[in-house]
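K.L.:
Would you mind keeping the following structure in view while I ask a few things?
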Ligand code: NDP
């Protein structure tokens, strides 16, 4: 998700006008290890979902999950959506299991200061916030397993999910596997994430007051972010690798009319320069191959997002952008499988909206389970299932 949180950010307390000064590496988060090695050039959103099935690999339920592999509610994902769902499900006595992913915590784990999550007027570090979510979920009996999901089978109940060879079963499932921001894939970009490299202008723009920044991309996101950044930056360089834009004409016109934005086409970022923070960019002309170096205070990558939906394809519907399709707030096309957070939301992508979604999914799952129970006991009606989520 994006946020005033989102990608790793600087320390505004140090200087409100300073660009990212807080490193995105593990040392930035005082004890929270952040392992970018699993990050496919990406800022994970909800949970790392393994793309390679590992069925058949002997797993150890007791080692991985304390022996508990069955739950009334199984939650896939441990970002704000998954863990909020866990808090609600646990407090409803549903003793959920969260399959958190090996890089648990979602996008906030690579975020430094979060200033727009309500309740933290001074701001909070992303990993610290996620640790609090986790502690709160565990306090009420959530069982969290830091493991990637390899495969799911939602064709019959109980629903089955495999992670490192272990089969988990849930009477209901909440999918909160998040989305991942796409990155260019440069080593220097990864190294300087949170030190001037960001994937979220809404989140980090504030920290670039008085700086000159660049935005990479030619879609609506890039144009929108470039325009937004002019509130803070002295100049915004929009860098696009082609001379034709995917962005809508109105967005392009708006950017062109803004004298703080300089649009540069047929150019790509070859290298992000800087040691402690971004100091410049080496650019490459995509037509001539010529390189040049420019000083720059920040770099915003706006080349799209990838929802973590690969393992659900064939089971759940995805839209044309690859996001899960949600009906009636949190329901999927399968009764008993609910969806929450960035894995379906490409509009808001905020921690607080994802958390709200997780809450809704847990309440819907609880009501659905109650209705199923009533049906099984012969006291429900045929319409109970639908009514449960209405
Ligand atoms: P898009 O896929 O539309 O655009 C991505 C852009 O990034 C493209 O210009 C692409 O270049 C460029 N790109 C991709 N990979 C690289 C790379 N490795 N190096 C350099 N450039 C790269 O994504 P958006 O996030 O912009 O938009 C997604 C959807 O959300 C769109 O449908 C958009 O309309 C919508 N949206 C709507 C908004 C609004 O209405 N206010 C705001 C934001 C998004 P190339 O063109 O060469 O492939």
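Numbering (the working numbering), first residue to last: 45 to 434. Virtual Cβ for every residue (Gly too), placed ideally from N, Cα, C.
1) Please determine, among 217, 403, 208 and 245, the residue with the shortest C-alpha to C-alpha distance to residue 225.
2) With DSSP as the reference, identify every bridge partner of residue 283, one or two as the case may be.
3) Roughly how many angstroms lie between the CA atoms of residue 210 and residue 406, to the nearest whole one?
4) Quick check: the Cα distance between residue 163 and residue 157, rounded to an integer number of angstroms?
5) Using the C-alpha atoms, what's the distance from residue 132 back to residue 414?
6) Using three-state DSSP, classify residue 396 as helix, strand or coil.
7) Taking only heavy atoms of ligand 1 into account, decide whether any of them is closer than 7 Å to the Cβ of residue 290.
8) From what residue to what residue does the beta strand (DSSP E) around residue 335 run?
9) Can you check whether the CB of residue 265 is closer than 8 Å to the CB of residue 304?
10) Report all residues from its chain with a CB closer than 6 Å to the CB of residue 60; omit the five preceding and five following residues, and keep chain order.
11) Taking 7 Å as the cut-off, is the C-beta of residue 277 nearer than that to any heavy atom in ligand 1?
12) What residues in its chain sit with their C-beta under 7 Å from that of residue 94, if we drop five residues either side in the sequence?
13) Taking only heavy atoms of ligand 1 into account, decide whether any of them is closer than 7 Å to the Cβ of residue 237.
14) Work out the CA separation of residue 326 and residue 313 for me, nearest whole Å.
15) Between residue 382 and residue 409, how many whole angstroms is the CB-CB distance? I'm expecting something under 8 Å.
16) Using the Cα positions of residue 120 and residue 151, report the straight-line distance between them to the nearest angstrom.
17) Considering only DSSP beta bridges, list what residue 391 is partnered with.
18) Can you tell me whether residue 104 is buried or exposed, with buried defined as 16 or more other CB within 10 angstroms of its CB?
19) Please classify residue 294 as buried or exposed, where buried requires at least 16 other C-beta atoms within 10 Å of its C-beta.
20) Thinking C-beta only, is residue 284 closer than 8 Å to residue 309?
21) Can you tell me whether residue 359 is buried or exposed, with buried defined as 16 or more other CB within 10 angstroms of its CB?
22) I'd like to confirm the pairing. Which residues does DSSP put opposite residue 355 in its beta bridges?
23) How is the alpha helix (DSSP H) around residue 329 delimited, first residue to last?
24) Go ahead and label residue 394 buried or exposed: buried means 16 or more other beta carbons lie within 10 angstroms of its beta carbon, across all protein chains shown.
25) Quick one: what does DSSP say residue 321 is sitting in, helix, strand or coil?
26) How would you call residue 337, buried or exposed, if buried means at least 16 neighbouring beta carbons within 10 angstroms?
27) Are the CB atoms of residue 263 and residue 366 within a distance shorter than 8 Å?
28) Residues in the same chain with beta-carbon distance under 7 Å from residue 302, minus the five sequence neighbours each way, listed in chain order, please.
29) Mind the definition here: the segment 222 to 241 touches the segment 163 to 183 only if three or more C-beta pairs lie below 8 Å; say whether that holds.
30) Does the distance from the CB of residue 144 to the CB of residue 116 come in under 8 Å?
31) Verify whether the separation of the beta carbon atoms of residue 203 and residue 118 is less than 8 Å.
32) Tell me which residues pass a beta-carbon proximity test against ligand 1: closer than 5 Å to any heavy atom, given in chain order.
33) Assign residue 205 to one of two classes, buried (16 or more other C-beta atoms within 10 Å of its C-beta) or exposed (fewer than that).
34) Measuring only the C-alpha atoms, how far is residue 188 from residue 339?
35) Is the Cβ-Cβ distance between residue 370 and residue 362 less than 8 Å?
36) Using CA coordinates, which residue listed in 317, 148 and 374 is at the minimum distance from residue 389?
P.N.:
Straight from the coordinates:
1) Minimum Cα distance to residue 225 is reached at 245.
2) In the DSSP assignment, residue 283 forms a beta bridge with 260 and 308.
3) Distance between the alpha carbons of residue 210 and residue 406 is about 24 Å.
4) One C-alpha to the other measures close to 14 Å.
5) CA-CA distance, residue 414 to residue 132, rounds to 15 Å.
6) Per DSSP, reduced to three states, the secondary structure at residue 396 is helical.
7) Indeed, a heavy atom of ligand 1 lies less than 7 Å from the Cβ.
8) Residues 335 to 339.
9) Between residue 304 and residue 265, the CB-CB gap reaches or exceeds 8 Å.
10) Residue confidence for residue 60 is low, a pLDDT of 29 falling below 50, so the modelled location carries little weight; the figure read from the coordinates is stated next. Closer than 6 Å at the Cβ level, and outside the excluded window around residue 60, lies no residue.
11) Answer for residue 277: no, Cβ out of range of ligand 1.
12) At residue 94 the pLDDT is 34, less than 50, meaning the model places this residue with poor confidence; the figure from the coordinates comes in the next sentence. Closer than 7 Å at the Cβ level, and outside the excluded window around residue 94, lie 192, 193 and 194.
13) No, the Cβ of residue 237 stays beyond 7 Å of every heavy atom of ligand 1.
14) Roughly 6 Å separates the two Cα atoms.
15) Confirmed, Cβ separation roughly 5 Å.
16) Put simply, the backbone Cα of residue 120 is about 15 Å away from that of residue 151.
17) In the DSSP output, where bridge partners are listed per residue, residue 391 has none listed.
18) Any reading at residue 104 needs caution, since the residue's pLDDT is 32, under 50, leaving its predicted position unreliable; the model's value is listed next. The residue is exposed, with fewer than 16 neighbouring Cβ atoms inside 10 Å.
19) By the neighbour-count definition (other C-beta atoms within 10 Å, threshold 16), residue 294 is an exposed residue.
20) For residue 309 and residue 284, yes; Cβs fall inside 8 Å.
21) Buried, by the Cβ-count rule.
22) Answer is none; residue 355 lacks a bridge partner.
23) Here residue 329 belongs to no alpha helix (DSSP H); instead the beta strand (DSSP E) covers 324 to 329.
24) By the 16-neighbour rule on beta-carbons within 10 angstroms, residue 394 is buried.
25) Three-state result, residue 321: coil.
26) By the neighbour-count rule (16 or more Cβ atoms within 10 Å), residue 337 is not buried but exposed.
27) Contact: no.
28) 271 and 274, listed in sequence order.
29) In short, these stretches do not touch, since the Cβ pair count stays below three.
30) For residue 144 and residue 116, no; Cβs fall outside 8 Å.
31) Taking 8 Å as the Cβ cut-off, residue 203 and residue 118 qualify as a contacting pair.
32) After applying the 5 Å Cβ criterion, the set is 261, 262, 263, 264, 265, 268, 285, 286, 290, 347 and 348.
33) By the neighbour-count definition (other C-beta atoms within 10 Å, threshold 16), residue 205 is a buried residue.
34) Approximately 45 Å, taken between the alpha carbons.
35) With contacts defined as CB atoms closer than 8 Å, residue 370 and residue 362 fail to qualify as a contacting pair.
36) Closest by alpha carbon: 374.
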